[in-house]
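Chemist:
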Amino acid sequence: MALTGLQIQKLLPKTNCKECGSNTCLAFAMKLAAKKAELSECPYASDEAKKILGAASEPPVKGIALGPDKKLKLGEETVLYRHEKTFVNQTALAIDISDTDKPEAIEKTLKSVSDYLLERVGEELRVDMVSVTDKSGDPAKFAAVCKKAYDTTKRPLVIRSQNVQSLAAAAVAVKGSNSVIASANPKTAVELIRIAKENEHALAVTAPNLDDLSALAAVIKEGGFNNIILNFETFSLAEQFQANSIARRAALKDSFKPFGYPTLKFIDGGDDFDIAGDAINEITKYGGICVLPKFDAAMLVSLMTLRLNIYTDPQKPIQVEPKIYAIGEPDKNSPVFLTTNFSLTYFIVSGEIENSGTNAWLVVPECEGMSVLTAWAAGKFSGASIAKFIKGINLEEQVATRQIIIPGYVAQISGELEESLPGWKVVVGPQEAADIESFVKARLK
Ligand code: SF4
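Using our numbering, the letters of the sequence shown map in sequence onto residues 96 to 540.
#1: At which residues does the alpha helix (DSSP H) containing serine 471 begin and terminate?
#2: Taking the alpha carbon of isoleucine 500 as the reference point, which residue from Gly487, Asp349 and Val521 has its own alpha carbon closest?
#3: By Cβ distance, which residues of its chain are closer than 7 angstroms to serine 445, with the 5 residues on each side in sequence left out?
#4: Check whether the Cβ atoms of leucine 213 and leucine 395 sit closer than 8 angstroms, and answer yes or no.
#5: Rounded to whole angstroms, what's the CA-CA distance from isoleucine 103 to glutamine 526? Just pull it up for me.
#6: Starting from the N-terminal side, write out each stretch of the beta strand (DSSP E) that is 3 residues or longer and does not extend beyond the segment 412-476.
#7: Between Gly452, Val505, Tyr406 and Val227, which lies nearest to lysine 536 when the distance is taken from Cα to Cα?
#8: I need the DSSP call for cysteine 241, collapsed to helix, strand or coil.
#9: Tell me, to the nearest whole angstrom, how far the beta carbon of leucine 205 is from that of asparagine 184; I am working on the premise that it is less than 8 angstroms.
#10: Under 8 angstroms: do the segment 216-230 and the segment 249-268 share three or more Cβ pairs, one atom per stretch?
#11: Hey, quick one: how far does the alpha helix (DSSP H) through alanine 187 stretch, first residue to last?
#12: If alanine 238 and alanine 268 are in contact, beta carbons under 8 angstroms, what's the gap, nearest whole angstrom?
#13: Can you find at least 3 beta carbon pairs, one from the segment 368-385 and one from the segment 187-200, that sit closer than 8 angstroms?
#14: Give the secondary structure of leucine 107 by DSSP, where H, G and I count as helix, E and B as strand, and everything else as coil.
#15: Here's the rule I'm using: 16 or more other beta-carbon atoms within 10 Å means buried, otherwise exposed. How should glutamate 334 be labelled?
#16: Determine the contact status of leucine 134 and alanine 128, defining contact as a CB-CB distance below 8 angstroms.
#17: Could you check if proline 154 is buried or exposed, using at least 16 other CB atoms within 10 Å of its CB as the buried criterion?
#18: Which runs of the alpha helix (DSSP H), 4 residues or longer, sit entirely within the segment 389-413?
#19: Apart from the five residues on each side of it in sequence, which residues of its chain come closer than 8 angstroms, Cβ to Cβ, to aspartate 111?
#20: Per DSSP, isoleucine 501 is paired with what?
#21: The beta strand (DSSP E) spanning arginine 255 covers which residue range?
#22: On the CB-based measure, 16 or more other CB atoms within 10 Å of its CB, does glutamine 414 come out buried or exposed?
#23: What does the alpha-carbon distance come out to for the pair histidine 296 and glutamate 171?
#24: What I want to know is whether the C-beta of leucine 107 ends up closer than 7 angstroms to one or more non-hydrogen atoms of the ligand SF4.
#25: Quick check on cysteine 115: does DSSP put it in helix, strand or coil?
#26: With a CB to CB cut of under 8 angstroms and the five nearest residues on each side skipped, what residues in its chain are close to asparagine 280?
#27: Between which two residues does the beta strand (DSSP E) carrying isoleucine 323 extend?
#28: Assuming valine 494 and serine 509 make a contact with CB atoms under 8 angstroms, what is their CB distance in whole Å?
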């Protein structure tokens, strides 16, 4: 039977030393109960705690941290379907280069990876990793390209070769990047585990079928190395879909530890349709790292947008900070608009105000990330709460205007807002953000 957080806390030292990254032993115990942490993160766990909690306290899909600052996280998933709870760590997207590519082509791709930035609903989305494939068979050349990729982008790498010497040279060259060595098979595993350990990289493991792969992962884990990533040997989209699904289901539903690791998929070719299909499969069906064969900005927009949607916690809407925003270059006499801090609402409303060509202030109170009508129905967007927020941010000192334009959908709060904000006039604006431009032209210009 699974232990509760309180039961687990009784087994911990209760010194609240914070070395596990949690503020208290109880907070850490709660994470263990939710399988979002591992007991090994507490250096002071007693033998009794280890014995009782043991493997049962590990997350069903192990968390792997990559990158020089270990900020790129993989795994730690606890549910099969997003609607059950949430997915935790999104599929990392990597762009592949080969060590036989022309230096100008390598330079160009690395620059594109470094520069790529997609801003969406307040999130900054970037390429997560670079994959370097050894086609030269020359360890020195391969290691030099890996080093260049890391030095240029400061992204963790997927270091891919069939040649142990090449992997060893590259692993040393990018030590400190916390990258992924790909991929160990039953014949090369012993040597590559040593190389991965010495240079602090994760190790991808592969085998011709799922049985052999699970056996290999189990042996490696029993040997004390747990920084593992699964690289299924598949030859079609259907096979990959099946392998990802079987492994995730086995890890989550059957607590089958050899499949309790993030995965790695190389998309090696095909037309854009094939590449997009494979990548979508990884994003929607449990992929850990998805290596794309080329840099394609347009495809990245689609994939990152999809990924953002899949990995956004449905219980926690994306929010913007509650405050007053300047749209354009407003002065003290510029109009004041009001909306909620649901990110999508904020960006649509601010975009439409900008499109209208007017400079304005946009007041965004705390509404727990709800849209206008939902916030109002939940009592988070009432006249009294908005007035309290406006007084709290000292809006009256920032603007001389005493007129606030509220969303048309909540016209009913205008009376209460006027009562709570003496001296202010409340103007009911349009219901739809798309009508802001015509509203501005008709009423404010
Ligand atoms: S490291 Fe261990 S003792 Fe320290 S706060 Fe975390 S759980 Fe408690």
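In this text, a Cβ means the ideal position worked out from N, Cα and C, and glycines have one as well.
Modeler: Taking the coordinates as given:
#1: Start at 1 with the first residue of the sequence shown, and residue 471 comes out as number 376. The sequence shown places tryptophan at residue 471, not serine. Run containing tryptophan 471: 467-472, per the alpha helix (DSSP H) assignment.
#2: The residue you call residue 500 lines up with position 405 of the sequence shown. Residue Val521 is the option with its Cα nearest to isoleucine 500.
#3: One-based indexing of the sequence shown puts residue 445 at position 350. Cβ neighbours of serine 445 beyond the five flanking positions: Tyr420, Ile422 and Leu457.
#4: Position 118 of the sequence shown holds residue 213. Position 300 of the sequence shown holds residue 395. Yes, these two residues count as a Cβ contact at 8 angstroms.
#5: Mapped onto the sequence shown, residue 103 falls at position 8. Mapped onto the sequence shown, residue 526 falls at position 431. Using only the alpha carbons, I get a separation of about 51 angstroms.
#6: 418-422, 431-433 and 455-459
#7: Walking along the sequence shown from the start, residue 536 turns up at place 441. Of the candidates Gly452, Val505, Tyr406 and Val227, the one whose C-alpha sits nearest the C-alpha of lysine 536 is Gly452.
#8: Numbered from its first residue, the sequence shown carries residue 241 at position 146. Of the three classes helix, strand and coil, the one that applies to cysteine 241 here is helix, per DSSP.
#9: Taking the sequence shown and counting its residues from 1, the one referred to as residue 205 is at position 110. Taking the sequence shown and counting its residues from 1, the one referred to as residue 184 is at position 89. No, leucine 205 and asparagine 184 are not in contact; Cβ-Cβ is about 25 angstroms, not under 8 angstroms.
#10: yes
#11: As a first step, residue 187 must be located in the sequence shown, where it is residue number 92. No alpha helix (DSSP H) holds alanine 187; the beta strand (DSSP E) holding it covers 187-193.
#12: The residue labelled residue 238 in the question sits at position 143 within the sequence shown. The residue labelled residue 268 in the question sits at position 173 within the sequence shown. That belief holds up - the Cβ atoms of alanine 238 and alanine 268 are roughly 4 angstroms apart, short of 8 angstroms.
#13: yes
#14: Position 12 of the sequence shown, counted from the start, is the residue given in the question as residue 107. The answer is coil: DSSP assigns leucine 107 none of H, G, I, E or B.
#15: Your numbering for residue 334 matches position 239 in the sequence shown. Glutamate 334 comes out exposed.
#16: Here residue 134 corresponds to residue number 39 of the sequence shown, with the count starting at 1. Here residue 128 corresponds to residue number 33 of the sequence shown, with the count starting at 1. Contact flag unset, no.
#17: In the sequence shown, residue 154 corresponds to position 59, counting from 1. It counts as buried.
#18: Correct list: 392-406.
#19: Start at 1 with the first residue of the sequence shown, and residue 111 comes out as number 16. This sequence places asparagine at residue 111; aspartate is not what is there. Closer than 8 angstroms at Cβ, skipping near neighbours: Asn118, Thr119 and Cys120.
#20: Start at 1 with the first residue of the sequence shown, and residue 501 comes out as number 406. DSSP lists Val523 as partners of isoleucine 501.
#21: Taking the sequence shown and counting its residues from 1, one reaches residue 255 at position 160. Residues 252-255.
#22: Locating residue 414 in the sequence shown gives position 319, where the first residue counts as 1. By the 10 Å Cβ count, glutamine 414 comes out buried.
#23: If you number the sequence shown from 1, residue 296 lands on position 201. If you number the sequence shown from 1, residue 171 lands on position 76. Using only the alpha carbons, I get a separation of about 18 angstroms.
#24: As a first step, residue 107 must be located in the sequence shown, where it is residue number 12. Result yes, Cβ under 7 angstroms from the ligand SF4.
#25: In the sequence shown, counting from the first residue as 1, residue 115 sits at position 20. Looking at cysteine 115 - three-state DSSP - the assignment turns out to be coil, as it is neither helix nor strand.
#26: The residue labelled residue 280 in the question sits at position 185 within the sequence shown. The residues are Val300, Thr301, Ala302 and Leu311.
#27: Locating residue 323 in the sequence shown gives position 228, where the first residue counts as 1. Unbroken beta strand (DSSP E) run through isoleucine 323: 323-325.
#28: Here the question's residue 494 lines up with position 399 in the sequence shown. Here the question's residue 509 lines up with position 414 in the sequence shown. With a Cβ gap of about 19 angstroms, valine 494 and serine 509 do not count as contacting.
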